[in-house]
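Just below is one structure, and these are the notes that go with it.
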Amino acid sequence: GAVVSQHPSWVICKSGTSVKIECRSLDFQATTMFWYRQFPKQSLMLMATSNEGSKATYEQGVEKDKFLINHASLTLSTLTVTSAHPEDSSFYICSARMAGGYTEAFFGQGTRLTVV
Amino acid sequence: AQSVTQLDSQVPVFEEAPVELRCNYSSSVSVYLFWYVQYPNQGLQLLLKYLSGSTLVKGINGFEAEFNKSQTSFHLRKPSVHISDTAEYFCAVRRGSLSGGYNKLIFGAGTRLAVHP
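Chains A and B, in that order, give the protein sequences.
If you want my numbering, it's the position in the first sequence, counting the first as 1, plus 11.
If you want my numbering, it's the position in the second sequence, counting the first as 1, plus 88.
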């Protein structure tokens, strides 16, 4: 159980276009989802936390107009990279957790975004 | 604020040898501690976690870790590694919460374990 699926696994887009990444909890209801960014050979950097039905909370330095996060249902959150540029190329990972303070977050398999 | 230091960026080891990946944390409050493994181009998989109780925690794939409060460490160990253990390992800390609320994970920089035949 506790499977989190991201789609797509990899995507290539042209500079200036927008791309949407989906994060789904397949067998549980995710009240909270997290979006991370990971640069090559580096650790995960938390971008934002989203709670179902409310606005996402962004970490300092993350542009909320650039990285649009929607958590419209208990099983789906989306990250849209708007007007993508080559510097947005990265590995994006989501995680999701159930309600309850002591439950753990489960990670998706990640999405490799390349902007050309 | 919490922070995590993984002392080794890379650890090369021969197959069937023991390995220890070191992790130290800094926090003025109680914390929960985690080790995750990441295979190339994949997400993170939880190896083990310490929430409370016994300081020796056993996880999946034969890994274990020991919480040492006095040394603020949570080192990961495996007595005999396999080629398939080659991956990136992340130590993470999350501030404990008496109220049951969820605090975000803080990750270390990662340790690349390379197992050689």
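Where is the CB? At the ideal position from N, CA and C, for every residue including glycine.
Assigned secondary structure, residue i (DSSP; H/G/I helix, E/B strand, else coil)
i                : result
Glu74 (chain A)  : coil
Glu103 (chain B) : coil
Asn129 (chain B) : coil
Asn149 (chain B) : helix
Ser172 (chain B) : helix
Glu108 (chain B) : strand
Glu154 (chain B) : strand
Residue-level contact to chain B via CB, residue i, 9 Å cutoff
i                : result
Lys75 (chain A)  : no
Ser54 (chain A)  : yes
Gly125 (chain A) : The sequence as given places Thr at residue 125 (chain A); Gly does not occur at that position. Judged by the 9 Å Cβ criterion, Thr125 (chain A) is not in contact with chain B.
Boundaries of the beta strand (DSSP E) in which residue i is found, first to last residue
i                : result
Glu176 (chain B) : 175 to 183
Ile32 (chain A)  : 30 to 36
Ser61 (chain A)  : 55 to 62
9 Å Cβ cutoff, residue i in contact with chain A
i                : result
Ala175 (chain B) : no
Ala197 (chain B) : yes
Phe249 (chain B) : Any property of residue 249 (chain B) remains undetermined from this structure, which presents chain B solely from 89 to 205.
Leu193 (chain B) : yes
Arg200 (chain B) : yes
To be precise: take each residue of the segment 15 to 44 of chain A, compare its Cβ to all Cβ atoms of chain B, and keep it if any distance is under 7 Å. Which residues remain?
Thr43
If you measure beta-carbon to beta-carbon, which residues of the segment 78 to 98 of chain A are closer than 7 Å to chain B?
none
Should the segment 69 to 84 of chain A be called in touch with the segment 114 to 124 of chain A, which here means at least 3 C-beta pairs below 8 Å?
no
Is the segment 129 to 143 of chain B in contact with the segment 90 to 101 of chain B, if contact means three or more CB pairs nearer than 8 Å?
no
Interface positions of the segment 120 to 151 of chain B facing chain A (Cβ-Cβ less than 9 Å), listed along the chain
Tyr120, Phe122, Tyr124, Gln126, Asn129, Gln130, Gly131, Leu132, Gln133, Leu134, Lys137, Leu139
Inspect the CB distances between the segment 85 to 100 of chain A and the segment 110 to 130 of chain B and report whether three or more fall short of 8 Å.
Contact between the segment 85 to 100 of chain A and the segment 110 to 130 of chain B is absent, because fewer than three Cβ pairs lie under 8 Å.
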